[in-house]
Amino acid sequence: MATNGEAPALKRQRVQKEAEHVSNGEVKVNNWEQPGPAAFDFRSDVTTTPTSRMLSAIASTTLLDDVFQMDPTTNNLESFIATLTGKENALLVLSGTMGNQIAIRTHLQGPPHSIVTDYRSHIMTAEAGGVASLCGALTIPVEPANGRYLTLEDVKKKCIISDNVHACPTKLISLENTLAGIILPLKECQRISAWARENSILLHLDGARLWEAVAAGAGSLEDYCACFDSISLCFSKGLGAPIGSIIVGTSAFITRARWIRKSIGGGLRQAGVVTAAARVAVEDTFLGGLLSASHDRAREISKMWEELGGKVVNPVETNMVWLDLEHAGVGVERFVELGEKAGLRLMGGRLVVHYQIGEEAVRRLERVMRAVLKGVELEGSVEIEPRVLKNGGEVVR
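Going by UniProt numbering, the first residue of the sequence shown is number 1, and it counts up by one from there.
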């Protein structure tokens, strides 16, 4: 009886607390119907907002257990991606980092072993030392001689294939495509793959943004994946799903990878809430052709910067623009500050253009560029309001 008597009071307190959160701006209105702040966020394509179609898919998804491989939505997505990539099987994982680490751990049976990878790669710089802690492997960084992407000649110099007991033999080469927005050409992948197989070295691809390379016309998904023993693909960057990645490979590889996933806490129960949205992301954003438009916009931004007198670090190939802020005489903090004043979210000279970045964001970015390169003052500031993004009353979609 006491519990029933307390319920209305508790409910009033909860509702009041929620109202306070909203009025204080601590809780933002969700943005399923529009990009929301993502439309003005150049920091990364991880900021993409899930769509209303993804929400509908989640609401009507199956809710069975993926650890027991009973969920049809998840099983169907894995089969769908395996077919797209030309591989035998696939396995859902929660993140790109988890996908890379599970794939690498699955390949490496036991020390001593080393991995050769690009010195800028995600597994080298942004996975909390997972290769060392989870695999006990030595990671050997390689710097591309051309300054852009690794070639077979770069890789061969660092691979250890001798029987010298003082060295740590190379068991795996891990490549990344795209890396810093730069495409690793299909022909180079094929050269590295052929040599690796001749020398019994396994090959993994961090393909979080492989979708971008394919959308740019560099090669088909299946042709790229044919070069590798395993590939990880991300649903939540440029494709816009709220969560999730997937790894693909042979059926034997995926069977072992499922054990590794379970051992690090990656098994999901009602996985349909993840995979339903991921399926929509692949179909609408990748197969729907939305990525190429972001590449066009990235080239537009690069051209705009250069026409104002700026320099770029690398030519635009996909969805990233690298501004040379040092040449422009502006520090990172000042550039970010100017972006905030214009209602943009920036993170240094790397601009990541995703399909939800619109014309209004580009116009604001041009104002920032003029302030940096031409000394034009930015007047006032632009607020990002929780429900809609406004500029003079205009709703940006």
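Positions of the beta carbon are idealized from the N, C-alpha and C atoms, including for glycine.
- Contact between arginine 209 and glycine 238 holds: CB atoms are separated by about 7 Å, below the 8 Å threshold.
- Between histidine 113 and lysine 187, the C-beta gap is not smaller than 7 Å, which leaves the two residues out of contact.
- According to the DSSP assignment, aspartate 206 belongs to the beta strand (DSSP E) that extends over 202-207.
- If you compare the alpha carbons of Val376, Val353 and Arg191 with that of leucine 308, the shortest gap goes to Val376.
- Along the length of the segment 214-292, whole alpha helix (DSSP H) runs at least 4 residues long occupy 221-225, 251-263 and 272-281, reported in chain order.
- Counting of Cβ neighbours within 10 angstroms places threonine 139 among the buried residues, the total reaching 16 or more.
- The closest CA to that of alanine 145, considering only Lys157, Gly136, Cys135 and Ala137, is found on Lys157.
- A straight-line Cα-Cα distance of about 8 Å links alanine 342 and leucine 378.
- Glutamate 360 is classed as buried because its beta carbon has at least 16 other beta carbons within 10 Å across all chains shown.
- With distances taken between CA atoms, glutamate 300 lies nearest to Arg363 out of Val46, Leu134, Leu344 and Arg363.
- Annotation: proline 169 is outside any beta strand (DSSP E) and is labelled neither H nor E by DSSP.
- With distances taken between CA atoms, glycine 358 lies nearest to Gly36 out of Ala276, Trp32 and Gly36.
- By the Cβ test, the segment 196-209 is not in contact with the segment 57-75, since fewer than three Cβ pairs between them sit closer than 8 Å.
- Uninterrupted beta strand (DSSP E) stretches at least 3 residues long and entirely within the segment 65-93 occur at 89-93, given in chain order.
- A check of alpha carbon separations from threonine 73 across Asp296, Thr83, Phe80 and Thr62 identifies Thr62 as the nearest.
- If you draw a 10 Å sphere on the C-beta of leucine 351, you find 16 or more other C-beta atoms in it, and that means buried.
- The alpha carbon of valine 330 has as its nearest neighbour, out of Gly349, Asn314 and Met320, the alpha carbon of Gly349.
- Glycine 339 sits away from valine 312, with the two beta carbons spaced by 7 Å or more.
- Residue environment: histidine 166 is assigned as exposed (fewer than 16 neighbouring CB atoms within 10 Å of its CB, all protein chains considered).
- Take aspartate 324, set aside five residues on each side of it, and the residues of its chain with a beta-carbon closer than 8 Å to its own are Gly310, Lys311, Val312, Val313 and Gly349, in chain order.
- Partner residues in the beta bridge of methionine 320, as assigned by DSSP, are Val352.
- Taking 7 Å as the cut-off, the Cβ atoms of leucine 175 and alanine 137 do not count as close.
- By the neighbour-count criterion, in which a residue is buried when 16 or more other Cβ atoms sit within 10 angstroms of its Cβ, leucine 150 is buried.
- Look at leucine 346 here: in three-state DSSP terms it is coil, with no helix or strand label.
- Taking valine 280 as the centre and dropping the five residues before and after it, the same chain places the C-beta of Arg53, Met54 and Ala57 closer than 6 Å to its C-beta, in chain order.
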